[in-house]
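Residues in the sequence shown are numbered consecutively from 0, following numbering that gives the first Met the number 0.
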Amino acid sequence: MRYQKCRIVIIMSALDIDLLRTFTVLAEEMSFTAAGARLGATQSAVSVRLRKLEERIGRALFERTPRNVALTAFGAGFLSDARRILAAHDEALARLTAADTPLALSFGVSEHAGGDLLPVALRAMRDLMPRLKLRVTLGLSDGLIADYDHGRLDAVVIRRNLPAPGAPAGTSPGGRSLYRDDLVWAAAPGFVWLPGEPVPLVTIETPCNARTAAVDALEGAGLPYVDAFQSRGLAAIQAAAVAGLGLACLGERHVPAGCVILGAAEGLPPLPASEVVLYQRAREPAAVLAVMRFAEALQAAARGDR
């Protein structure tokens, strides 16, 4: 028994919670400066904590260059373990106070990322923290991430297009990927477009990364286009596509009944892969737990596990 207790103490010392949190935040931000801002620490403090964790584990977690930070193969595998440990720790700590301590959070959710899944996610948070005060803003990804960067939102769920295979990745945008939802061309079954004529687009008004992806794909293929219908709401775009007003660029999960997916067979260019990503800056255990429960509920709902 004494040996087991000593062994547990050694393991817990090796996997210090603060060091693990620093590691996971850096893995999400891929920037020492951004990770420090989120943790309330200096860039050098983040570097010191990471070095301590790597020394205790005896393995490198990141590859560092003057311009980039990337997870090593071991670091990528260890990230899921670190997240499980932190989730268990934060949930246990949060449950000690969640029932009695009011908590306020502000979320931003892109309608084209997970707006339709909000009822499931909000129900999960209500069941966990009945006294939670939540403010949710629905909007476009670009505007929401700007509000997040300026500290006006505690967490955002947005859509992010992925670089094409072989294209330079550039600086990692950070965040935590929740699920893939690739962009597709969608239109009513009777939609007819004759090659050589402008493609009638049905899109959300700018700034919208789905519209940007559609325009970039068409221009890259040398295809002219015309804005046949624009709106700021996803439901209106879906309705216009079903009504046959034109061709929509939507996340595959958002293609409405009454539309079909089109592609190369119809002479249309490929669209970029796309994913739904969480950015969050919560630090208190109860807040972290609420954000993670929200994200987990979105993931489950996107898989159809409602």
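Ideal Cβ positions, reconstructed from N, Cα and C, are used throughout, including at glycine.
Treat the numbers as computed from the prediction; the structure is a model and nothing was measured.
Put S30 into one of helix, strand or coil per three-state DSSP. Position 31 of the sequence shown, counted from the first residue, corresponds to residue 30. Three-state result, S30: coil.
Euclidean distance between Cα positions of A103 and E265: Taking the sequence shown and counting its residues from 1, the one referred to as residue 103 is at position 104. Taking the sequence shown and counting its residues from 1, the one referred to as residue 265 is at position 266. Roughly 49 Å separates the two Cα atoms.
Quick one, are the C-beta atoms of A247 and T211 less than 9 Å apart? Here residue 247 refers to the residue found at position 248 when the sequence shown is read from its first residue. Here residue 211 refers to the residue found at position 212 when the sequence shown is read from its first residue. Contact flag unset, no.
Runs of beta strand (DSSP E) lying entirely within the region 130 to 208, each at least 3 residues, in chain order: 131 to 138, 154 to 160, 175 to 179, 182 to 186 and 198 to 203
A220 (DSSP reduced to helix, strand or coil): Looking up residue 220 in the sequence shown gives position 221. Reduced to three states, the DSSP call for A220 is coil.
Can you check which of these residues, L267, G303 and E274, is closest to R175 by C-alpha distance? Numbered from 1 along the sequence shown, position 176 holds the residue referred to as residue 175. Of the listed residues, the one whose Cα sits closest to R175 is E274.
Which of helix, strand or coil DSSP assigns to A281: As a first step, residue 281 is located in the sequence shown; it is residue number 282 there, counting from the start. Coil at A281, not helix or strand.
One question on the structure: do F310 and R48 come within less than 9 Å of each other, judged by their Cβ atoms? No answer is possible for residue 310: the residues shown for the chain start at 0 and end at 305.
With three or more C-beta pairs closer than 8 Å as the rule, is the region 286 to 304 touching the region 208 to 223? no
Less than 8 Å between the CB atoms is what I'm expecting for L85 and R130, so what's the real figure, rounded? Translated into the one-based positions of the sequence shown, residue 85 becomes position 86. Translated into the one-based positions of the sequence shown, residue 130 becomes position 131. Wrong, their Cβ atoms sit about 23 Å apart, outside the cutoff.
Please state whether DSSP places G114 in a helix, a strand or coil. Residue 114 sits at position 115 when you count from the first residue of the sequence shown. Note: G114 maps to helix in three-state DSSP.
Below 9 Å between beta carbons: does that hold for A227 and P199? The count along the sequence shown starts at 1 and reaches residue 227 at position 228. The count along the sequence shown starts at 1 and reaches residue 199 at position 200. Their beta carbons are under 9 Å apart, which means A227 touches P199 by this criterion.
Rounded C-alpha distance that separates H88 from A263: Numbered from 1 along the sequence shown, position 89 holds the residue referred to as residue 88. Numbered from 1 along the sequence shown, position 264 holds the residue referred to as residue 263. Near 49 Å, if we compare the C-alpha coordinates of A263 and H88.
Should A209 and R158 be called a contact, given that it needs their Cβ atoms to be closer than 9 Å? As a working note, residue 209 is residue 210 in the sequence shown. As a working note, residue 158 is residue 159 in the sequence shown. Closer than 9 Å, so yes.
Span of the alpha helix (DSSP H) holding E54? As a working mapping, residue 54 is identified with position 55 in the sequence shown. Q42 to I56 is the span of the alpha helix (DSSP H), which, as asked, contains E54.
Please classify D180: is it buried, with 16 or more other beta-carbons within 10 angstroms of its beta-carbon, or exposed? Locating residue 180 in the sequence shown gives position 181, where the first residue counts as 1. D180 is buried by the Cβ-count criterion.
If you measure between the beta carbons of V155 and G107, is that distance less than 9 Å? Along the sequence shown, one-based indexing puts residue 155 at 156. Along the sequence shown, one-based indexing puts residue 107 at 108. A contact, by the Cβ cut-off of 9 Å.
What first and last residue would you give for the alpha helix (DSSP H) that runs through L104? Here residue 104 is taken as the residue at index 105 of the sequence shown, counted from 1. That residue, L104, is in no alpha helix (DSSP H); its beta strand (DSSP E) goes L102 to S109.
With a threshold of 6 Å on Cβ separation, who are the neighbours of A272 within its own chain once the five nearest residues in sequence on each side are excluded? Along the sequence shown, one-based indexing puts residue 272 at 273. Contacts found: L161 and D181.
Mapping the DSSP letters down to three states, classify D226 as helix, strand or coil. Against the sequence shown, residue 226 aligns to sequence position 227. D226: strand per DSSP, three-state reduction.
Contact belief for A187 with G243 at Cβ below 8 Å, rounded distance in angstroms: For the purposes of this step, residue 187 is taken as residue 188 along the sequence shown, with counting starting at 1. For the purposes of this step, residue 243 is taken as residue 244 along the sequence shown, with counting starting at 1. Going by Cβ atoms, the distance from A187 to G243 rounds to 4 Å, so yes, they are a contact pair.
Would you kindly check if the distance between the Cβ of I260 and the Cβ of W192 is under 9 Å? By one-based count along the sequence shown, residue 192 stands at place 193. By one-based count along the sequence shown, residue 260 stands at place 261. It is not a contact, given that the beta carbons lie outside the stated cut-off.
What residue from D141, G57 and A112 has the CA that sits closest to A234's CA? Locating residue 234 in the sequence shown gives position 235, counting from the first residue. For the residues D141, G57 and A112, the minimum Cα distance to A234 belongs to A112.
How is L267 classed by DSSP in three states: helix, strand or coil? Taking the sequence shown and counting its residues from 1, one reaches residue 267 at position 268. Of the three classes helix, strand and coil, the one that applies to L267 here is coil, per DSSP.
In the DSSP assignment, what are the bridge partners of V259? Position 260 of the sequence shown, counted from the first residue, corresponds to residue 259. According to DSSP, which records beta bridges pairwise, V259 is partnered with A186.
Find out if the Cβ-Cβ distance for the pair R151, S105 is shorter than 9 Å. Position 152 of the sequence shown, counting from 1, holds the residue named residue 151. Position 106 of the sequence shown, counting from 1, holds the residue named residue 105. In contact: R151 and S105 (Cβ atoms closer than 9 Å).
Closest Cα partner of D215 within the set P269, G257 and Q237: Translated into positions along the sequence shown, residue 215 becomes position 216. When only C-alpha atoms are compared, the closest one is P269.
Using a C-beta cutoff of 9 Å, does Q42 count as contacting chain C? Any reference to chain C falls outside this structure, which holds one protein chain only.
Work out the CA separation of V241 and T41 for me, nearest whole Å. In the sequence shown, the residue the question calls residue 41 occupies position 42. In the sequence shown, the residue the question calls residue 241 occupies position 242. One C-alpha to the other measures close to 52 Å.
Buried or exposed for V225, going by 16 or more other Cβ atoms inside 10 Å? The residue you call residue 225 lines up with position 226 of the sequence shown. Flag for V225 reads exposed.
Taking only the alpha-carbon atoms, compute the straight-line gap between L25 and V45 and give it to the nearest angstrom. The sequence position of residue 25 within the sequence shown is 26, counting from 1. The sequence position of residue 45 within the sequence shown is 46, counting from 1. C-alpha separation (whole angstroms): 8 Å.
With a threshold of 8 Å, establish whether the CB of G174 neighbours any heavy atom of the ligand ZN. By its list of ligands, the structure shown contains no ligand whatsoever, and the ligand ZN lies outside what it can speak to.
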